[in-house]
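I have placed the structure first, in the form of structure tokens, so that the comments after it can refer back to it.
Protein chains: 2
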Amino acid sequence: MSAYHPLTNEESIVLARAIPGFFREGAELDCREIGDGNLNLVFHIRDTESGKSIIIKQALPYAKVVGESWPLSLDRARIEREALQIQHHLCSNLVPEVYSYDDEMAVTVMEDLSDFTIMRHALIEGKTFPHFADHIGAFIARTLFFTSDLAMDPRAKKEQVQRFINPDLCKITEDLIFDDPYKLSDNNNYPAVIEDEAEALRTDAALHLEVALLREKFLTRTEALLHGDLHTGSIFITEESTKVIDPEFAYYGPMGFDIGAVIANLLLNLAGQIGWKADEADRRRHQNWLLQTSLDVWSKFEAEFRKLWDEHAVDPLAHAPGYQDLYIQKVLQDAVGFAGAKMIRRIVGLSHVADIDTIPDETQRERAQRLALSVGKALILNCRKISSIAAIDDIVRTTATDRGETL
Amino acid sequence: MSAYHPLTNEESIVLARAIPGFFREGAELDCREIGDGNLNLVFHIRDTESGKSIIIKQALPYAKVVGESWPLSLDRARIEREALQIQHHLCSNLVPEVYSYDDEMAVTVMEDLSDFTIMRHALIEGKTFPHFADHIGAFIARTLFFTSDLAMDPRAKKEQVQRFINPDLCKITEDLIFDDPYKLSDNNNYPAVIEDEAEALRTDAALHLEVALLREKFLTRTEALLHGDLHTGSIFITEESTKVIDPEFAYYGPMGFDIGAVIANLLLNLAGQIGWKADEADRRRHQNWLLQTSLDVWSKFEAEFRKLWDEHAVDPLAHAPGYQDLYIQKVLQDAVGFAGAKMIRRIVGLSHVADIDTIPDETQRERAQRLALSVGKALILNCRKISSIAAIDDIVRTTATDRGETL
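Same order as they appear, the protein sequences are chains G and C.
Using the UniProt record's numbering, the letters of the first sequence correspond one by one to residues 1 to 407.
Using the UniProt record's numbering, the letters of the second sequence correspond one by one to residues 1 to 407.
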């Protein structure tokens, strides 16, 4: 295969057969394109007899996210593939394995996760996952710590920063999360019934200040190699196992961004449960599991991150008394602020979440939207004052009560 | 000229003649190598009849700063040349013009500043420069503002960050400023008589915490394209004019670092005046000019930066109420901390300043060293509490008084 072109099913099968020792000689391979076609082609290739399978992902040179197409660098396939390899190296049980790749064709051949469910869908159905907080806390702690100056030679880290400069994908985040929701923009997307909320976002000066500070952090802090888009649609899950996929937004940014993404998506689902669980006790039980899991994600991250720091930090001043505590507090405050920004953009911005948008009943959907916006705003407005994760519990419960919702 | 090799005088003259329209056809050109040979060759080429002259600077593939040679990337010549061009574009009267360059040969041909004096030498001689604060304040404000996300398209800024990743030169700063002075290191260099001060630096936990925070900022904040080594040896000056040279340490870092460098070098000279000015009234007058100029550098920077922000900011949230004030306060606190770190390393670290090291009288030299260290520590220990530049005045005066020195 020479110059870049979109793969055919036949070419995908040829790539699949080329993985050394994976498929049997002469195996009959079935190939289906299963992507949504917005940003990437995704081929699922399966040995019809043994059932063994792989995924081939190919980046497309555009995104269809804004109605018409938006050009996107194919280099993002290399960035995603390198990020997957680094994350797999650091958390082999939590990230799919890359079998082979072709950067010119923007192609990555990787482990298939067909046995897993997309976490967002499972959460909408009211499922809970007892190991999720442990798994994702460890993933975040290990991938952030080991790619930071705390654990890397600063020269090697700078070369890694350079390889992960990701302007096209960062621009999507900068526009959709840190700009559009706070002004009139054709990219915004919300029902007329919450125009009052949207207008309030555009005129809230205190909120604009905090979002400006969060935006600045996203633009200027090369703390660690982030996943960059760690929502529950990028997490494949079973009762026992968790896998993090799709790091095409990977770049060096502020650690709190990845943690905030996980918390935001748990809390969006919490708001969405207003429209999903008919039985109130059942609904409240699930919402409380989601809230507790948000806190646990942080706690597991913090415990693991502190342990890694104590055992593996190479920064010559890492053990200065008080430094670790101040560092953790900064990450917590950032995580809370970013969580809020990510909740708001999923309600009024371009790209939404099924947890809320697919709620069948209009009134319940509106209640969920208003609760999500209120929680998002409260997280942003309080993030610089927070010194413990318990504050999130308090903010969510107080905001819900103020809105007449009971958790 | 093909592959990299150190230039000869004859080759330098050929390069000089190739600048279109600069030297007369057939002019007799005199060439002298005037560098100190540590990091670069510097050729001064002059038309013996008209007196017109240029400088040719060539990077060497090593540094002699640590006794034996230390390999250094030749790419730093490209970085220095691109930084000079950006800074000249933004401040044409404050930066020498680049006439031509050859990245493969690590060569830059540029405006000669033979009419200027190196500011450090002039300050040691007790000279004052009434326009210096205005000039350097404008240089810092314009170069930092226009290379930041406040004024650039974030995509173009990211590509610029990528071009200015400068691991070799940053490592020098990271080791010599943010590491060695706080531990036993062969790189450290100070007289036995101040061993008590050196030991105090190695055991001061509160200081280590603040230096850890400053080091982290140096490692992780891509706020603006810094000069990166803005001491008074990188500033050429006359009564009327100021020129900033040698940005080979340029990289994207925290804005306060450049401002702190200027302030540190003014305050090092202030401490050094203990050994230079015999007449006490004269000494105190000069020290007070240096202190006032430190404050003025900040004030000019701040006024110009705020004006540029009001008139030219493109960041969509730049005008959020309160954001500019918080931003300026962060830069001030960083500048004060970095100033302190730079003072300390010039007393106990590898590389010193003539302002203090060449003081003839040993007792006076020691007094100057102790004053510089005390001021440096006080700046670092107080930096996170500072909210106005007047605090520097207070810190310097109080520290001097505590040491029995009168300003």
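Positions of the beta carbon are idealized from the N, C-alpha and C atoms, including for glycine.
Interface residues of chain G facing residue i [CB-CB closer than 7 Å]
i         : result
Gly322(C) : Leu209
DSSP-derived helix/strand/coil call for residue i
i              : result
Trp276(C)      : coil
Lys342(G)      : helix
Asp108(C)      : Asp is not the amino acid found at residue 108(C); the sequence shown has Thr there. Reduced to three states, the DSSP call for Thr108(C) is strand.
Ile304(G)      : The question names Ile, yet the displayed sequence has Glu at residue 304(G). In this structure, Glu304(G) counts as helix in the three-state DSSP scheme.
Phe43(C)       : strand
Ile124(C)      : helix
Val244(G)      : strand
Ser374(C)      : helix
Ala250(C)      : coil
Glu28(C)       : coil
Glu49(C)       : coil
residue 420(C) : Because residue 420(C) is not part of the residues shown, which for chain C are 1 to 407, the question remains open.
Ser92(G)       : coil
Ser388(G)      : coil
Gly405(C)      : First, the residue type needs correcting, since residue 405(C) is Glu and not Gly in the sequence shown. Note: Glu405(C) maps to coil in three-state DSSP.
Val353(C)      : coil
Ile118(G)      : strand
Val98(G)       : strand
Ile13(G)       : helix
Ala281(G)      : helix
Ala320(C)      : coil
Ala59(C)       : strand
Glu223(C)      : coil
Ile359(G)      : coil
Ile54(C)       : strand
is_contact[residue i, chain G] using C-beta, thresh 9 Å
i              : result
residue 424(C) : Beyond the ends of chain C as shown, which are 1 and 407, falls residue 424(C); an answer cannot be given.
Phe338(C)      : no
Phe22(C)       : no
Ala212(C)      : yes
Partners in chain C for residue i, counting only beta-carbon separations shorter than 8 Å
i         : result
Ile165(G) : Lys158, Glu159, Val161 and Gln162
Spatial neighbours of residue i in its chain, beta-carbon cut-off 8 Å, leaving aside the 5 residues before and after
i         : result
Pro6(G)   : Leu41, Gln58 and Leu60
Leu176(C) : Asn187, Arg345, Gly349, Leu350 and Ser351
Tyr4(G)   : Pro61, Leu74, Glu104, Met105 and Ala106
Lys243(G) : Leu94, Val95, Pro96, Leu113, Phe116, Ile235, Phe236 and Ile237
Proximal residues of chain G, C-beta to C-beta of residue i below 9 Å
i         : result
Lys377(C) : Within chain G, no residue comes near Lys377(C); the closest Cβ sits about 15 Å away, beyond 9 Å.
Cys170(C) : Pro154, Arg155 and Lys158
Nonlocal neighbours in the same chain, by C-beta distance under 6 Å from residue i, ignoring five residues either side
i         : result
His131(G) : none
Glu366(C) : Val193
Phe43(C)  : Ser12, Cys31, Glu33 and Ile56
Met119(G) : Thr232, Ile235 and Ile237
Phe257(G) : Leu226 and Phe338
Ala378(C) : Ile395 and Thr399
Cross-chain neighbours of residue i in chain G, by beta carbon under 8 Å
i         : result
Lys183(C) : Pro316
Neighbour list for residue i in chain C, Cβ cutoff strictly below 9 Å
i         : result
Arg215(G) : Asp149, Asp315, Pro316 and Leu317
Cross-chain neighbours of residue i in chain C, by beta carbon under 7 Å
i         : result
Thr222(G) : Thr220 and Thr222
Glu174(G) : Pro154
Asp179(G) : Pro316
Ala205(G) : Ala320 and Pro321
Close-in-space but distant-in-sequence residues of the same chain around residue i (CB under 7 Å, 5 per side omitted)
i         : result
Ala250(G) : Ile79, Glu80, Ala83, Phe164, Asn166, Leu225, Leu226, His227 and Gly228
Val161(G) : Thr222 and Tyr252
Tyr182(G) : Leu201, Arg202, His208 and Val211
Ser387(C) : Gln329
Test: residue i CB closer than 9 Å to a CB of chain C
i         : result
Leu326(G) : yes
Residue i CB to nearest heavy atom of the ligand GTP below 8 Å
i         : result
Lys171(G) : As for the ligand GTP, it is missing from this structure, which has no ligand bound.
With a floor of 4 residues, list each alpha helix (DSSP H) that falls wholly inside the stretch 142–209 of chain G, ordered by position along the chain. DSSP runs (the alpha helix (DSSP H)) wholly in the stretch 142–209 of chain G: 154–163, 167–178 and 195–203.
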